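Have a look at the structure below before the remarks.
Residue numbers (my numbering): 3 to 634.
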């Protein structure tokens with residue numbers, strides 16, 4: 003028998019395909035099963051075209067047969083089979099795909115007839131050599147009386163000879179490689195390992211994949227003696243849930259699929275089932291979890307949807323299908339339009355993938371908006387779990403996604419005493435209100451007591467409480483909602499004073515400019531200035547800031563890793579309430595005892611920091627100053 007050489011450019015190309023294209027050796031089974039499914043589809047299509055009624059879809063099947071004694075794994079199908087010429091053409095030429103040619107001919111004929119071809123590149127078959135030292139393919143073409151045997155041990159070449167085979171179809175026998183310290187090829191002879199691989203990658207192949215499974219049972223008439231027997235079992239479920247009509251699926255089925263597929267112990271908060279036709283055709287089954295995974299807000303969390311091509315798993319986590327701000331979504335996408343590379347493991351970043359991602363983003367946003375509108379309590383629970391991720395999405399990429407996300411945000415309201423949207427806030431703004439006012443702090447209780455809110459509250463204006471570290475960064479990117487700008491209650495100018503009030507304030511500042519300058523000098527670089535406050539009503543002092551960095555931003559930035567090397571500092575402003583009794587005391591001390599005034603300045607500055615929730619520079623000094631005043 004003459005050994006024939008592969009018709010590729012070099013043996014190195016075959017070696018590259020066997021050893022480098024695929025990430026995981028286990029996918030060889032996916033590739034061979036997909037080829038078997040293609041062969042059945044071709045025959046089924048041919049029967050439909052020829053008008054033959056003798057072939058029924060229920061008659062087709064794929065078999066997986068492990069043989070531990072002989073270290074062989076066999077995959078059979080009763081599809082179209084191959085002639086001698088087709089064996090040499092399809093298996094003797096690397097990257098020659100009969101499936102691709104078949105698909106192209108169908109497209110030219112504009113005739114689909116409910117047939118799906120999975121393989122298109124003619125490389126998947128060679129993945130068998132990742133686990134096998136020798137491969138034998140026996141095939142008999144539909145309608146032919148002859149059968150042919152193709153054999154190869156890899157790069158040396160192949161042989162083709164006539165043989166006997168009773169039924170049409172193809173049988174592939176893999177002689178597995180010996181086990182090594184690094185690779186246990188015998189695992190692919192374990193029935194339950196094979197069952198797991200079929201259910202992972204090929205669960206939705208439309209034809210049954212069957213295997214004889216060893217089982218045990220009590221011997222008849224015995225109470226404790228068992229016997230082993232084999233039973234032919236169908237390993238795959240065949241019909242994907244996501245390809246059924248929505249009205250055929252119960253909520254219980256959706257929930258059970260989610261829990262089993264994605265390992266959650268709770269039902270999802272939301273199920274999104276969609277089918278899209280048009281520029282891109284795909285099915286999608288998405289779930290919004292009821293709770294965040296334990297590692298969701300860590301670098302270890304991997305986002306992504308399972309990606310199928312005609313029911314065959316291609317990627318377990320395709321990150322490109324979800325934007326980061328919707329990374330909490332679990333689920334899958336099944337499309338026949340994707341351009342896959344020759345290994346089917348990596349996607350080409352093409353227009354189809356982008357189109358799918360865009361449609362998913364719009365659908366997820368639409369479903370969240372509907373939940374917000376119609377099931378407010380459910381949405382607030384969702385926001386408690388994943389709202390932080392939406393806020394990060396606002397801040398990321400310089401605010402490119404703010405239009406997508408801003409209407410999904412919730413903040414605690416000072417007047418409503420509950421979470422509200424930005425639209426709800428602006429819809430009830432008073433006619434004379436210029437800004438959307440907000441306040442930052444660690445908790446709602448802390449923010450509620452900030453003295454800077456006095457003037458805003460006095461006007462009856464609503465304040466949004468922002469208690470997440472990312473809040474103020476997100477707001478700085480938003481800048482405005484609609485036509486209304488955001489304004490922190492700690493800003494130097496809240497836009498509340500009338501012209502008359504401004505003139506009166508300017509006069510008082512002029513009268514006390516020397517004392518204010520003295521207070522600034524006594525505090526040194528701790529503050530950029532000391533001013534008379536227009537926002538304080540009942541409290542003596544507060545801290546505000548100049549510039550882009552607020553006190554809350556300073557706190558967040560300095561808490562980050564490596565922040566010790568380059569501390570960020572806001573330009574702090576000490577504001578003093580000129581209508582508080584303490585102000586008169588300061589005036590008296592400036593006239594009579596400026597040394598004590600320095601102590602008062604330090605105490606007031608530290609007091610303002612404590613009210614703000616900021617750390618103080620020297621707790622011991624602060625304690626000594628308090629004790630000194632108490633013992634006078």
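Don't be surprised by glycine CBs; every beta carbon is placed ideally from N, CA and C.
Remember, predicted model here, so these are calculated numbers, not experimental data.
Quick check: what's the CA-CA separation for residue 62 versus residue 90? 25 angstroms
Quick one: measure Cβ to Cβ for residue 678 and residue 362, integer angstroms, because I've assumed they're closer than 8 angstroms. No answer is possible for residue 678: it lies beyond the span of the chain, which begins at 3 and ends at 634.
Just to check my reading of the structure: residue 136 and residue 201 have Cβ atoms closer than 8 angstroms, yes? What is that Cβ distance to the nearest angstrom? Not really, about 28 angstroms apart at Cβ, beyond 8 angstroms.
Work out the CA separation of residue 441 and residue 450 for me, nearest whole Å. 9 angstroms
Leaving aside the five residues before and after residue 605 along the sequence, list all residues of the same chain whose C-beta is less than 6 angstroms from its C-beta, in chain order. Apart from sequence neighbours up to five positions away, the residues of its chain that approach residue 605 with a beta-carbon distance below 6 angstroms are 627, ordered along the chain.
Own chain residues within Cβ distance below 7 angstroms of residue 615, not counting five before or after: Within the same chain, residue 615 has close Cβ partners 443, 444, 448.
Expressed to the nearest angstrom, what Euclidean distance is found between the alpha-carbon atoms of residue 214 and residue 240? The alpha-carbon atoms of residue 214 and residue 240 are separated by roughly 18 angstroms.
Using a Cβ-Cβ cut-off of 7 angstroms (strictly less than) and excluding sequence neighbours within five positions of residue 461, which residues of its own chain qualify? 498
The region 40 to 54 contacting the region 74 to 85, beta-carbon criterion three pairs below 8 angstroms: yes
Option in 436, 511, 278 with minimal Cα separation from residue 589: 511
Just the C-alpha distance for residue 574 and residue 303, rounded to the nearest angstrom, thanks. 38 angstroms
Identify every residue that forms a DSSP beta bridge with residue 169. In the DSSP output, where bridge partners are listed per residue, residue 169 has none listed.
Residues bridged to residue 455 (per DSSP): According to DSSP, residue 455 bridges with nothing at all.
Euclidean distance between Cα positions of residue 142 and residue 149: So the two alpha carbons sit approximately 4 angstroms from each other.
Give the straight-line distance between the Cα atoms of residue 1 and residue 501, rounded to the nearest whole angstrom. No information on residue 1 is available, as it lies outside the stretch 3 to 634 that the chain covers here.
Which word fits residue 119, buried or exposed, when buried means at least 16 other C-beta atoms lie within 10 angstroms of its C-beta? Residue confidence is low: residue 119 scores 41 on pLDDT, short of 50, so the model does not pin down where it sits. Its coordinate-derived value is still stated next. Residue 119 is buried by the Cβ-count criterion.
Taking Cβ positions, are residue 337 and residue 366 nearer each other than 8 angstroms? no
Report the three-state DSSP secondary structure of residue 378 (helix, strand or coil). helix
Measuring CB atoms only, is the region 322 to 338 touching the region 288 to 306, in the sense that at least three cross pairs come out at less than 8 angstroms? yes
Which full runs of the beta strand (DSSP E) of 3+ residues lie inside the region 126 to 197, going along the chain? 134 to 142, 149 to 154, 160 to 165, 171 to 178
Mapping DSSP to helix, strand and coil, what is residue 559? helix
Please work out which residues of its chain come closer than 6 angstroms, Cβ to Cβ, to residue 452, disregarding the five sequence neighbours upstream and downstream, and give them in chain order. 441
Taking only the alpha-carbon atoms, compute the straight-line gap between residue 621 and residue 480 and give it to the nearest angstrom. 38 angstroms
Per the contact definition of three or more C-beta pairs closer than 8 angstroms, is the region 380 to 393 in contact with the region 292 to 299? yes
Roughly how many angstroms lie between the CA atoms of residue 134 and residue 127, to the nearest whole one? Here the alpha carbons of residue 127 and residue 134 stand approximately 12 angstroms from one another.
Do you know whose CA, among 231, 259, 226, 236, lies nearest residue 242's CA? 259
Per-residue DSSP class, three states only, for residue 200: helix
With a CB to CB cut of under 7 angstroms and the five nearest residues on each side skipped, what residues in its chain are close to residue 584? 542
For a test of the three-state rule: what should DSSP assign to residue 242, helix, strand or coil? Correct three-state label for residue 242: coil.
If you measure between the beta carbons of residue 524 and residue 600, is that distance less than 8 angstroms? yes
Take residue 518 as the anchor and find which of 532, 526, 507 has the nearest alpha-carbon. 532
When the Cα of residue 578 is compared with those of 556, 598, 522, which residue comes out closest? Minimum Cα distance to residue 578 is reached at 522.
List the endpoints of the continuous alpha helix (DSSP H) containing residue 261. 253 to 264
If you draw a straight line from the C-alpha of residue 493 to the C-alpha of residue 538, how long is it? 12 angstroms
Around the Cβ of residue 379, are there at least 16 other Cβ atoms within 10 angstroms (buried) or fewer (exposed)? exposed
Please identify the residue among 373, 34, 395, 152 whose C-alpha is closest to the C-alpha of residue 130. Relative to the Cα of residue 130, the nearest Cα in the group 373, 34, 395, 152 belongs to 34.
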